[in-house]
Amino acid sequence: MQMIAWQARASGPGWPIHTKALVLLLIVFLGANRACGQYERYDADRLFDLALNAVSPPSDDARWAQPPGDWQQRGGSPPPPSPDPENMNEQYDLRLTNGSWAGEGVLEVFDGNGWGTVCAEGFTDTEAVVACRDLGYLSGAVVDPHPWGEGTGRVALDRVDCRFRLDNVRSPPETFSQCYGGILGWGYCNSAADVGIRCYGSDGPTLPPLPPSPPPPRPPTPSTWVNLALNRPAYASSASWGRDSGYKCGKICGPNLATDGNAKPPSQYRSAQYDDFQPWLAIDLGAPATVHRMVVFSNLLYEASDSVEIRVGNVSVINHTGNAQVLLSQNRLVWSQKYGKFFKPFFSRQLQFLVEPPVVGRWVAVHKVVDVSREIDPTMVVEEVQVFGVPSVPAAPPKRFQLRLVGGTAANSGRLEMYSGSQWGTICDRTFDDVAATVACKELGYKSGLAIAGWGAGTGPVLQTDIRCNASIHKWLSQCDSGGNISAHLCWHRKDVGVICKDTPPTSQESSAFVPVSIFAGASHTCATSADGKMKCFGQNREGQLGLGDYLERGGRPEHMGPLLPSVKLGPRLTVAAVAGGLAHTCAVLQPGGVVKCWGRNLEGQLGLPGNTQALGDGLGEMGSDLPAVDLGPGLTATHITAGMYHTCVLLQPGGIIKCWGYNGNGQLGLGDMEWRGDQAGEMGAALPAVDLGPGLTATDIAAGSNHNCALLQPGGIVKCWGYNNYGQLGLGDVIDRGGVPGHMGAALPAVDLGRGFEATGVACGGRFSCAVSKPLGIVKCWGENLFGQLGQADIFSRGDQPGEMGRQLKPISLGKGYVPTAITAGIYHACALLQPGGVIKCWGDNDAGATGLEETRIIGDQAREMGDFLNPVNVGSGLNATALTAGFFHTCALLQPGNLVKCWGLNSNSYAGVLGAGDTRNRGAAKNTMGDNLPPVRL
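Numbers -37 to -1, 1 to 903, taken from mature numbering (1 follows the signal peptide of the UniProt record, and there is no 0), label the letters of the sequence shown in order.
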């Protein structure tokens, strides 16, 4: 341990008794382990050297002679502390790493040479509490197992024990440096056993101290104060009964609600009577807030205790040692007596007090410390804590949960279920009335509703209880007052609420038939356009990529589709001419004017709205005339558009030029750098350069893969690709990215060698592969990644990543005698071709979820006798032929005649639910009897 090293060094030849004892114990320990068969590689002299080096640094190490510095400063490797043998209370230099916030992570210590970790063996909550207090928190706990991985450097400390002090003072250690510890720099365990801890109860470290700031001004009237603790999570040191289940809760108890606005329920927390002598309750307000007044219902000030403390952040607003009755007489507090509901002999005190001056903090803590020798009952009972003040930042808007009706006899009735963001769950019927049902039904598109108690038969968790709504105020069910799921254990699935919705508004239905004429797929959503220029989208919608003003998926239930599926509003007198879908964003070319509008995810600037990286289309007032057009530059109009995972490219006239914006980590924007475009002001319009594809060439088509693009250029029908190239998807015989550094583009960017006479008429890009079709030759060629046979070469070897693989060496894909490919589309790992005569579809590549539509799950195209005449056409139904194709990550859609029908197949569940538009979440194309006439058309 570092403290031992400092002390031993300062003591000269005569070591302190406890240091000699540690050396002796260490030698005995190591020798005993060797006797048991461990450490056999060390002889006795080596064992002694290890013990000696553990407690004394080398005498020639000049660093130990350095003057002491500000070693408490965070953010770097500080110099070693001053070797002062008298300073036994010097604080250890500690830090937490890899956590999601400052109060959690892998515990690390500084030993004078660098940072190291602490072994988890024998490290308990006792040690975690001492470490957290050193870091400026109220308390803490061990997290085992923890999600934070390995720490920095070697294991520096082993077998830390904070039950006793190193200096033999008969009191618990106050700092980590006073704890007993094992060997410094020679840990018994490896880095996989690094201890992780989570600290509680304050806003974080206080060293070095911040300069004092003036107290915040009081609001003009107390009516502006709000109960900051309402429905906020609270953590406790232990709980023997109450809303926590399980004696002592294992580690830290919670999170539960500190208050629900009602002080009548029985105690929420009762600390463990015989195991917790310093009980505490800490409430997370969610963000720093200004606290003006507090109300605490507790037995703290009824029963005697040695210390009572109430803190806001790191400031004690009440801190008293001694008899509780003395505290009552010394503080100007308002007291009243409140009897418990179930325990008549017990009554708690209602403590109300103003915080003078107001204090800013995120955490509020109530703490009780008991001297065990006085035989005082250490139990702390806290019924409720109310914290009144002003939030420091505006409250976030309420999250709108997705709702659905399940198990009803019609689409307007059923058990009401809610999506939490990760799973579906039910709502308890307790307090759920017709007003709440009306709010829910309006959210589902109806005018009113009736609540049906005890609908039952639900599965999954009970997500909401005690819902109370005001129909004149609350527009969404998530805006209503709720107890969350804190009382879920009092509800069970036979108490799941159901609703019957009434009076579907006629305005929610389309007034005329939607006849699809084109289809476009994103990664997990699909769009179709109609003859009159309207557009409808279905599938996943977590970023608003469907453009419907919410983030609710469509297509997974019958009531999602047909006339109840709204058209995307893009502005008056604008019609859709072309569409592109990325991972979670959508763009459309609109007429008149060749205008481009984009919506959905925008973190990388893929919507082309500089200065705004917020998602659009997931909230009200973001579509239609409120959605701005992309500034493409003066005099330019769009004719074609494509989208990668996080970027967008558009083909512009006049001149057949290409402009791209969004993510640019692999040079996919083709601008000779890797700077993103569209996420900051001054990057679009005339400031956005066109992609330089070489002199005398104009683009007639463009396609985007995940992080690369390919353009079809005239004259000559040549293909040029740029961006990510890890599998040779650029077709240049190497794996070097193009477009991210100067000198890659223009005449320096070679055309893809597809062989003599290959004049491309269309291009397509998959995840990490590319394809081109030549109508004159009637062939298709693909290159790049081939792990799933997506190149159709009867193997899994990539093409285009090494010299000698392109040109004549790249074989055309065999699609069967008599068939001529006219179009091609590509998913993340599969491809499909549209063949004539007959509008036949053939698909190959990854088929785990049925994206090839062959009613099997084996990969197609990676082995012999799978392509050509061996490859069966996709059965889309009797008498139907395809006129257009599109592919998402794991699904495929076709536009079919006669009837302008759209049919989709592939993955349709989990994160891709609804992408097939079938009104359910069943995959199609992998299982038998899911294709052909059994494959339903999309109801638009």
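Positions of the beta carbon are idealized from the N, C-alpha and C atoms, including for glycine.
Note the first and the last residue of the continuous beta strand (DSSP E) segment covering residue i.
{"i": "C391", "result": "Looking at the DSSP string, C391 is not in any beta strand (DSSP E), and its letter there is neither H nor E."}
{"i": "A814", "result": "Note, A814: premise wrong, no beta strand (DSSP E); not H, not E."}
{"i": "T884", "result": "Taken as a continuous stretch (DSSP letters only), T884 belongs to no beta strand (DSSP E), as it is neither H nor E."}
{"i": "residue 905", "result": "Here the chain has residues from -37 to 903 only, and residue 905 is not among them."}
{"i": "residue 918", "result": "Any property of residue 918 remains undetermined from this structure, which presents the chain solely from -37 to 903."}
{"i": "N844", "result": "N844 to A850"}
{"i": "L695", "result": "L695 -> no beta strand (DSSP E), and no H or E assigned at all."}
{"i": "L57", "result": "L57 to N61"}
{"i": "S481", "result": "P479 to A484"}
{"i": "N672", "result": "H671 to Q677"}
{"i": "V345", "result": "V344 to P354"}
{"i": "L368", "result": "Q365 to G370"}
{"i": "K738", "result": "Segment: none, K738 is in no beta strand (DSSP E) and carries neither H nor E."}
{"i": "L896", "result": "Leu is not the amino acid found at residue 896; the sequence shown has Asp there. First-last for D896: undefined, no H or E at that position."}
{"i": "T820", "result": "Run containing T820: none; DSSP gives neither H nor E here."}
{"i": "Q799", "result": "H793 to Q799"}
Just to confirm the assignment, what range does the alpha helix (DSSP H) spanning residue i have?
{"i": "A400", "result": "D397 to E406"}
Give the DSSP-derived three-state secondary structure of residue i in the structure shown.
{"i": "G730", "result": "coil"}
{"i": "Y163", "result": "strand"}
{"i": "K87", "result": "The identity of residue 87 in the sequence shown is Thr, whereas the question assumes Lys. Note: T87 maps to coil in three-state DSSP."}
{"i": "S200", "result": "coil"}
{"i": "N190", "result": "strand"}
{"i": "A73", "result": "Going by the sequence as given, residue 73 is Phe instead of Ala. Strand, per DSSP."}
{"i": "D239", "result": "coil"}
{"i": "Q756", "result": "coil"}
{"i": "A711", "result": "helix"}
{"i": "Q826", "result": "coil"}
{"i": "P178", "result": "Caution is warranted here: a pLDDT of 41 is assigned to P178, below 50, making its placement in the model unreliable, and the coordinate value is therefore given only provisionally. Coil at P178, not helix or strand."}
{"i": "R609", "result": "Checking the sequence, you will find Tyr at residue 609 rather than Arg. If DSSP states are grouped into helix, strand and coil, Y609 belongs with coil."}
{"i": "R762", "result": "strand"}
{"i": "G747", "result": "strand"}
Taking the DSSP output, what are the residues bridged to residue i?
{"i": "G324", "result": "A252"}
{"i": "L579", "result": "G563"}
{"i": "L244", "result": "A199 and V329"}
{"i": "F316", "result": "M257"}
{"i": "H456", "result": "H456 pairs with nothing; no bridge assigned."}
{"i": "M64", "result": "In the sequence as presented, Met is not what sits at residue 64; that position holds Trp. BP columns for W64 are empty, so no partner."}
{"i": "C867", "result": "C856"}
{"i": "I430", "result": "Per DSSP, none; premise fails for I430."}
{"i": "D664", "result": "L675"}
{"i": "K622", "result": "V613"}
{"i": "T788", "result": "C795"}
In chain order, what residues of the same chain lie with their CB nearer than 7 Å to the CB of residue i, ignoring the 5 residues before and after it?
{"i": "T600", "result": "G556, G557, L615 and Q616"}
{"i": "R885", "result": "N871"}
{"i": "S411", "result": "T401, C404, K465 and D466"}
{"i": "A592", "result": "V558, V559 and K560"}
{"i": "G112", "result": "N61"}
{"i": "residue 938", "result": "Because the chain here runs from -37 to 903, residue 938 falls outside it and cannot be looked at."}
{"i": "G(-1)", "result": "For G(-1), the pLDDT reaches just 35, beneath the cut-off of 50, and the residue's location in the model is therefore unreliable, although a value from the coordinates is still provided. Within the same chain, G(-1) has no close Cβ partners at all."}
Which same chain residues end up closer than 6 Å to residue i when comparing Cβ atoms and leaving out the 5 residues on each side of it in sequence?
{"i": "Q503", "result": "S487, H488 and E516"}
{"i": "R295", "result": "Unreliable placement is indicated for R295, whose pLDDT of 32 sits below 50; no coordinate value is reported for it."}
{"i": "T893", "result": "R887"}
{"i": "T849", "result": "I482, F483, A484, T788 and C856"}
{"i": "A714", "result": "I681 and K683"}
{"i": "L191", "result": "L248, A252, V350 and G352"}
{"i": "G587", "result": "K532 and G534"}
To which residues of the same chain is residue i closer than 8 Å at the C-beta, ignoring the five residues directly before and after it?
{"i": "Y514", "result": "R363, Q365, N504, R505, E506, G507 and D581"}
{"i": "G648", "result": "D594, L595, G596 and P597"}
{"i": "H603", "result": "A541, V552, V613, L614, D664 and I665"}
{"i": "Q386", "result": "G423 and P424"}
{"i": "A890", "result": "G813 and E818"}
* Asked: Could you give the uninterrupted runs of the alpha helix (DSSP H) lying entirely in the segment 96 to 142, keeping only those of 4 residues or more?
  -> none
- [ ] Just list the alpha helix (DSSP H) runs in the segment 494 to 560, keeping only unbroken ones of 4 residues or longer that don't cross its boundaries, in chain order.
- [x] none
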